[in-house]
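Under our numbering, the first residue of the sequence shown is numbered 1110, with each subsequent residue one higher.
Glycine included, each C-beta is placed from N, C-alpha and C at the ideal position.
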Amino acid sequence: MKKIQSKKVQTTEEWLRNYSLESLQLTLEHLVNEGNIILDSRSGVEERELTEETVTNFEARISEVIELYQQRIQWLLKDSRKVFGLVIGTKVGLVVDVSDLSDRPRLEGFQKDLLFFIDEQLCYKKQLYCLSFGTEISPLWESPKNVGVHVLGEARQWVQQLAPAGGCNLLKALKHVLTMKELNSLVIIIRSCPDQSLEILADYVQQCMLGRKLLVHAVTYDCGSPAAIATVKTLAEVISGRYHCYSSKGENSDSSDVNLLLQESQKAKDLLKSIKQTFQRRVDGSLISGIADVGVSTEVANTAIPCFLPKPPMHEGPLIIQTPCFLARASADWLKTNGLQAKKLNLYQVLAPNAFSPVEEFVPILQKTVTSTLHEKAMMQFEWHDGTVKNVHVDLPMLYKYQKLLAKMVRIYGKRINWLSVASRRIWGSVCERRVVILVDMSVANSMCIIRIQHSLRLLLEEQMANKDCFNIIAFGSVVVPWQLELVPSQPENLQKAWRWVLSLQCSGSRNFMSALRRAVEVDFKEKDKHKSQGLYLLTTGIPDQETHIISAYVAEACRGFDLRLHVCLFSVMEDADSSGVIPARYANPTETAIAFKEIVQAANGRFHWFGEAVCLSGIFESDDITVIVSEMERAKNYSQKCAFLVESLKQRSGNQPANPFIPEAGSNVDITKQKRSQKLPSPKPTALSLARMHIKDSHSAEKNTSIRVVVWRPTSAKAEIPPVQTIKQSPQAENRRKCKSRKQPECSVSVFYTEEGRNVGTVYRNYPKTVCIRRHVPSVRLPKKEEICSSKEWLTKYSIKKLKLELPRLMFGPGCTHQKKIVESLHKEVSAKYCTIFPSVEVNGVVRHLQVQPKELEIYIEQIEKVLLRYLQRIQWLLSGSRRLFGTILEANVCVLIDTSGSMDPYLPHITKELTSLIWEQLRKNEVRFNLLRFAENTESWREHLVEATDKTCHDAVQWVSKFHAHGSTRILTALQKALGFQDVEALYILTDGKPDTSCNLILKEIGRLRKQQDIKVHTISFSCVDREANEFLKKLSSQTGGRYHCSFGDVDGQLAAHRMLTEGFDDEDDPVFPYFEGDDLKKLTEEVAKARGFLKQAKSLRLLLQKWNINQKDNSTFKNGAQD
């Protein structure tokens, strides 16, 4: 119990991470692994031998753990923990309901318990905040207080002064206390049913908890209202908190912490009971008396099938038939009426009425196209499902209601998953058809688990077959044994007869699945064209005798055009060697078996269900029915996160708006302009006309680029200004000479006029010589808002750091910034130049340079580089969205897409099909790309014989063709490339594969090089889930040799997360977050440019800090000198 004492401050969930059966290695699998492997001399099967001492010690450890759980439960039900539960957190908010305190004795008892609660638990916290509520709220303090003697005294006095206060306005109390951002734990004590409904409370708390870690502990104190107890439990469930229900009479007492311990304790008791039954059965049955060893076959360790367990209670008794009140549906069909799309809860459906595309119109007055900017003031920009950006008006009440509906749908989906994971549906899935034939694998390999197979059939007949039209059962090993010659009605007497026949079945032979399948299709479903809703359900434990592609071809032909489907229920695939030493016709490990049956199911448009005994709580490895529901839940979660992002963006916009980086600050350019305007030209000096002309002549001979015409005299009364002197046009040769010497001889223009005093003349410079500026000014960056369809290499030729002239060393350090030293002969040492003490110095690439730049210029540079970084991240997000994530960007107008459908692609083919559909609509159709599709494995098959226009009809046809993909065979890339290069007018090929080709890589490269001499066609390669370095290198060489691009989707999720974090957290830290290493050309070049920009940004901020310190030191030095002089 010393360990328990150190863990008392933990919740039960945290405590069980160290003391659960799994963490303490007290499961049946761990027990089996403690045995020694032996070989049965008679059967030749490997078994595990367990000694009596090992089993006894294991049972003793389980008993100790059960006692440990009981001690923890007793500790939780003592003192203040019994009344209010265990409070976690250091900064606690205490919210107390005083609506039901009219009874004096009950009030005194409540106050006594609260005082004990404060003295035992709350006094050890760091901060405390107290609030009571009835119809109105009454906080003790304005903000949380640090716990001390004085604060605890005030809290005790506050408890003693509690008095009844009307209703139970829990919502108002939550609105107040949730504004206290300092709190990390909240205790809500309720004595009566809240005035608000559960949905309103849960919705509000869930919205306030977004992005916040707050431990909520809800308590009911002596509350007899079932509605209040249900409110507390549901509220805790919605926000992942804890609940505790206390009753002084012992009624309705409940606690989430205690319930978790009771569940774990029951699991330990069940395990102990199972071990005792197993040990006793093996001693009496298999082992010789006196020998205290228990042999457990290795199949138990691998698949956890309790084949040696006794028969379930009433196993051989008559069926207890239950007639379902409704006809079950597959999850895919169920989602057609209950999915987000069907319920009109798709986020884009909800936002569509308030979403508008940006408008671009040509403005004749400006002579250019102008884009609407309405979103910057009244709307939010939001990326649509097709990759476009729309301006969305955010309606907060509507979004809150929408998120509430999403949470409700997620709960409904969770209930369906639970429904699919219990009883016979855990084994068979949902049997949906009205005419059903059950195929049962009774091969000799199943001898050890025949009881389990029979029990599975019993559950099916009892729970799901009573409302069917007709059914039949076919058992098969090497020989096919049908129960009836044809389908019979699903009447109770027929179900009972079928069960008695199942009890008589014996295991023998191998798995001749093909014969059983043909028997069902050609006899039971011989009139399949006359009926609807027909299904075959296969229960098996291993791979069939026949080849997978043969069965797939037969099933596809039998089911095509008819309402007939084949569903597979795979029961924890076992080792294919039976107890008699009979070797099966085919061998496959569990994963290979599952892959084979998935291919068969796909050919029959059926569903795949794989279950066992010790994988998870439900025992289900994989289920198509559950998978589609989980996908819908993930979609709802994604929509909810996007809603939260919109709401958060709107909140940030409604607060302090950042300064517009495009608007110069007051006092910068304006002051310069005013200064220029305020400067007056110097008054002309009166000289003689001859001297003036001589000066002009000398100036003309010196510059040779300015010619002055004779000025005509004007009377002094003339009001019109004298125009500036016009320059005589020079010959082309002179113009070229002027251009060549423009740097050395600055051009200027002079006007000469007569003064009012005599015949004197004056001159005025109209164009001043341009001064030479060594250091460059920070340019103002203009970047496109709309994404350009081009490669990153082409995009960066226009918008790279170098092209935008934002390289920090070139801007900040010119030739005049170099630190100068000169040897002084009289001192015999090097002395720095005088200006070296005026400017701060930094070391750049080993060279000391002076920082001749103003802080304002650095601010402008930081502003511009952050603007560029923001645009880079937006393009990265664009490249990682939609179909571009997997296929990259389609650049050309005439393309052919090649898809690898070899056998290794089978697990990924549904995902590839989905992404390819997105590619067709999102890029090919939207950009009007002429295209063709080609799949390749052992053979190649093209969708069309030539490229076609991307219209709605052709895209629909292409999607239909893609949906029929199935994986098999090897990877013949060369044949596919040769065929694709033969399409007329094709400009580029996009080839997706997951591994090396069957032929030589060098041979393919040479052959493609030869073919490209005839026509210049680019080959863009896409690596999908390929971990073979040589295969990836081949794809890189192929794309590089043909002028194409290499693309790899590895790291896309981490890349999206890194981009999102940079956009939300800023660029303060150069090392976090960082992008993963992208091997694809587009993302690799762009992320390298981002790293370069972040490096410049970090340097600029360092230089700004250096300047600030320098200026402060200079100011302090000058103040010191002035004080010394005074």
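- Under the three-state reduction of DSSP output, Gly1198 falls in the coil class, being neither helix nor strand.
- For Leu2028, DSSP assigns no beta-bridge partner whatsoever.
- With respect to Cys1579, Ala1439 sits apart: the two C-beta atoms are not nearer than 8 angstroms.
- The C-beta distance from His2129 to Leu2098 rounds to 7 angstroms, short enough to fall under 8 angstroms.
- Take the alpha-carbon of Leu1185 and the one of Leu1370: they are about 10 angstroms apart.
- In terms of CA proximity to Ser1552, Ser1617 leads the group Gln1134, Ser1617, Ile1521 and Ile1562.
- The three-state secondary structure of Val2136, taken from DSSP, is coil.
- From the listed residues Glu1903, Ser1900 and Ser1909, the smallest Cα separation to Val1890 is found for Ser1909.
- When DSSP states are grouped into helix, strand and coil, Ala2059 belongs to the coil group.
- The C-beta distance from Lys1445 to Ala1451 rounds to 6 angstroms, short enough to fall under 8 angstroms.
- Within the same chain, Cβ atoms closer than 6 angstroms to the Cβ of Thr2026 are found at Val2068, the five residues on either side in sequence being excluded.
- Between the alpha carbons of Leu2120 and Asn1698 lies a distance of about 43 angstroms.
- The C-alpha of Ser2051 lies about 21 angstroms from the C-alpha of Glu2031.
- Using a Cβ distance threshold of 8 angstroms, Ile1709 and Leu1675 count as a contacting pair.
- By the 16-neighbour rule on beta-carbons within 10 angstroms, Asp1222 is buried.
- Shown here for Glu2198: same chain residues with a beta carbon closer than 7 angstroms to its own, the five before and five after excluded, namely Leu1905, Ser1909, Ile1910 and Tyr1981 in chain order.
- A distance of 8 angstroms or more separates the beta carbons of His2065 and Gln2093.
- Under the DSSP definition of a beta bridge, Asn1500 partners with Phe1465 and Gln1490.
- If you check the CB distance, Ser1357 and Asp1331 come in under 8 angstroms.
- With the rule of 3 Cβ pairs closer than 8 angstroms, the region 1618-1626 counts as touching the region 1653-1663.
- The continuous stretches of beta strand (DSSP E) do not include Phe1225, which lies in the alpha helix (DSSP H) extending over residues Arg1213 to Glu1229.
- If you draw a straight line from the Cα of Leu2086 to the Cα of Ala1667, it comes to about 34 angstroms.
- In the displayed model, Ala1441 falls within a helix according to three-state DSSP.
- Within the region 1278-1331, the runs of alpha helix (DSSP H) that reach at least 4 residues and sit entirely inside it are, in chain order, 1279-1286 and 1307-1317.
- For Leu1568, the three-state secondary structure derived from DSSP is helix.
- Non-local beta-carbon contacts of Ser1749 in its own chain, meaning distances under 8 angstroms to residues more than five positions away in sequence, involve Gln1512, Leu1515 and Ala1516 in chain order.
- Across the structure, Val1549 and Leu1647 are spaced so that their CA atoms are roughly 6 angstroms apart.
- Contact between Ala1264 and Val1207 is ruled out by a C-beta separation of about 15 angstroms, above the 8 angstroms threshold.
- In the three-state DSSP reduction, Ser2051 falls in the strand class (E or B).
- Following the DSSP letters along the chain, one finds Leu1679 inside the beta strand (DSSP E) bounded by residues Leu1673 to Phe1680.
- Listed in chain order, the non-local C-beta contacts of Arg2170 below 8 angstroms within the same chain comprise Pro2182, local neighbours out to five positions each way being set aside.
- For Phe1226 against Val1192, the beta-carbon gap comes to about 7 angstroms, under 8 angstroms, which counts as contact.
- It is roughly 10 angstroms from the alpha-carbon of Leu1137 to the alpha-carbon of Phe1167.
- Every unbroken stretch of the alpha helix (DSSP H) spanning 4 or more residues and falling wholly within the region 1502-1542 is given here in chain order: 1505-1529 and 1534-1537.
- DSSP places Phe2184 outside both helix and strand once states are collapsed to three, so it counts as coil.
- A distance of 8 angstroms or more separates the beta carbons of Ala1554 and Thr1432.
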